[in-house]
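Residue numbers (UniProt numbering): 1 to 90.
Virtual Cβ for every residue (Gly too), placed ideally from N, Cα, C.
Here is the structure we will look at, set down as structure tokens.
Set out below in structure tokens:
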């Protein structure tokens with residue numbers, strides 16, 4: 001006698017696959033959004049560095065501490081960006 005096909009099991013399996021794919025898509029979208037935010041923060045920081053440098057040059061002042069702080073933040077943002085990209089490409 002021929003085995004009957006369990007359509008409800010197939011439907012459950014398809015729903016599970018679809019649900020997992022939706023979750024994966026949402027996770028990727030969240031990572032992409034986080035990457036965009038970090039890239040915007042990096043851009044803002046470069047603008048701040050440029051503004052500080054120009055102001056210091058114009059006023060003939062030293063801003064070593066301020067620049068060091070900006071560069072430390074920039075390093076952290078680049079590490080965060082690298083981590084997010086690694087997770088996205090995993």
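Pair within 8 Å by beta-carbon distance, residue i and residue j
i	j	result
residue 35	residue 85	yes
residue 44	residue 70	no
residue 38	residue 88	no
Given 8 Å, three or more beta-carbon pairs between the segment 71-90 and the segment 14-23 | no
Determine contact between the segment 57-68 and the segment 28-36, defined as no fewer than three beta-carbon pairs at a distance below 8 Å.
-> no
Ordered list of beta strand (DSSP E) runs contained in the segment 23-68, each at least 3 residues = none
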